[in-house]
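Below is one structure, written out as structure tokens, with a few remarks after it.
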Amino acid sequence: LSFIRPDRVKIEFLIYSVAGIVPSIKITDQEIQDYFEFNKYQFDGQQQRKVRHILFAFNAGITELEKKSINKYASETLLKLKKNPKSFAKVAKKISQDRDSSKNGGDLGFISRGSMVKPFEDAVYQLKVKQISNIIETEFGYHIAMLDEIKGDEVTLASVKSKIKGELIY
Numbered sequence: 108l109s110f111i112r113p114d115r116v117k118i119e120f121l122i123y124s125v126a127g128i129v130p131s132i133k134i135t136d137q138e139i140q141d142y143f144e145f146n147k148y149q150f151d152g153q154q155q156r157k158v159r160h161i162l163f164a165f166n167a168g169i170t171e172l173e174k175k176s177i178n179k180y181a182s183e184t185l186l187k188l189k190k191n192p193k194s195f196a197k198v199a200k201k202i203s204q205d206r207d208s209s210k211n212g213g214d215l216g217f218i219s220r221g222s223m224v225k226p227f228e229d230a231v232y233q234l235k236v237k238q239i240s241n242i243i244e245t246e247f248g249y250h251i252a253m254l255d256e257i258k259g260d261e262v263t264l265a266s267v268k269s270k271i272k273g274e275l276i277y
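Residue numbering for the sequence shown follows my numbering, starting at 108 and increasing by one per position.
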């Protein structure tokens with residue numbers, strides 16, 4: 108006599124159809140806009156920007172007083188550059204503390220998303236061609252940047268709206 112019963116398994120299947128679910132999901136334009144703004148760097152990764160900069164470097168162990176002094180000098184330089192943008196390369200050559208780029212008038216060449224420190228990159232990607240940035244603070248010091256050229260298409264919300272909607276649905 109055996110007290111062991113054979114295993115019994117009850118299986119239930121529930122099948123979802125994507126075609127049945129997707130139409131019921133509503134994505135608002137605001138949700139798409141928010142996603143685009145938050146993830147914009149993913150979409151314009153192909154675009155490159157030719158940038159010049161002037162670096163006012165921080166030395167190791169810099170004090171707040173020294174930072175204020177450097178910021179004052181950078182602010183005075185920025186005012187002069189905004190009055191005479193054509194002098195940017197000349198000023199960069201003369202005062203930038205980035206030894207490599209200063210020889211070329213501050214020219215960093217073409218950069219793309221992910222190639223620079225975030226505060227610098229974010230500022231550069233907000234500039235229009237020939238526009239000079241405000242003072243940008245990074246771990247290296249204060250920078251003043253100027254956008255010389257944009258290579259590649261600028262990504263607009265309209266051009267990626269359907270892609271974003273698809274990403275939000277799935």
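Cβ atoms here follow ideal geometry from the backbone N, Cα and C, with glycine treated the same way.
Review point. Excluding sequence positions up to five away, which residues of its chain have a Cβ less than 8 angstroms from the Cβ of K235?
Key: For the purposes of this step, residue 235 is taken as residue 128 along the sequence shown, with counting starting at 1. These residues qualify, in order along the chain: L254.
Exercise for review: Could you check which residue in F143, I169, G216 has the C-alpha nearest to that of K270?
Suggested key: The residue given as residue 270 occupies position 163 in the sequence shown. With distances taken between Cα atoms, K270 lies closest to F143.
**Study point:** Helix, strand or coil at K210 [DSSP, three-state]
**Key:** For the purposes of this step, residue 210 is taken as the residue at position 103 of the sequence shown. It is coil, neither helix nor strand.
Exercise for review: Could you name the residues that DSSP lists as bridge partners for I218?
Suggested key: Numbered from 1 along the sequence shown, position 111 holds the residue referred to as residue 218. The partner list for I218 (beta bridge, DSSP) reads R156.
Point to revise | Exposure of F145, with buried meaning 16 or more beta-carbon neighbours within 10 Å | key: Locating residue 145 in the sequence shown gives position 38, counting from the first residue. F145 should be labelled exposed.
Exercise for review: Express the C-alpha separation of S240 and V158 in angstroms, rounding to a whole number.
Suggested key: By 1-based counting over the sequence shown, the position of residue 158 is 51. By 1-based counting over the sequence shown, the position of residue 240 is 133. About 11 angstroms.
**Study point:** 6 angstroms CB neighbourhood of G248 in its chain, flanking five on each side removed
**Key:** In the sequence shown, residue 248 corresponds to position 141, counting from 1. Correct list, in chain order: L162, F163, A164, F165.
Practice item. Determine the contact status of I227 and T245, defining contact as a CB-CB distance below 7 angstroms. Key: If you number the sequence shown from 1, residue 227 lands on position 120. If you number the sequence shown from 1, residue 245 lands on position 138. Here residue 227 turns out to be Phe, not Ile, going by the sequence shown. Yes; because the gap between Cβ atoms is below 7 angstroms, this pair is in contact.
Exercise for review: Please name the residue, chosen from I251, G168, K272, that lies closest to P300 on a Cα-to-Cα basis.
Suggested key: Outside the displayed span of the chain (108 to 277) sits residue 300, for which this structure offers no information.
Practice item. Can you have a look at Y180 and say buried or exposed, based on whether 16 or more other CB atoms are within 10 angstroms of its CB? Key: The residue labelled residue 180 in the question sits at position 73 within the sequence shown. Exposed is the call here.
Review point. How many Å lie between K210 and G273 at the Cα?
Key: Start at 1 with the first residue of the sequence shown, and residue 210 comes out as number 103. Start at 1 with the first residue of the sequence shown, and residue 273 comes out as number 166. Spanning the two alpha carbons is a distance of roughly 47 angstroms.
Review point. Which residue or residues does DSSP assign as beta-bridge partners of G248?
Key: For this step, residue 248 is matched to residue 141 along the sequence shown. The partner list for G248 (beta bridge, DSSP) reads A164, T245.
**Study point:** Same chain only: Cβ atoms within 7 angstroms of Q153, ignoring 5 sequence neighbours per side
**Key:** Translated into positions along the sequence shown, residue 153 becomes position 46. Here the set comprises G259.
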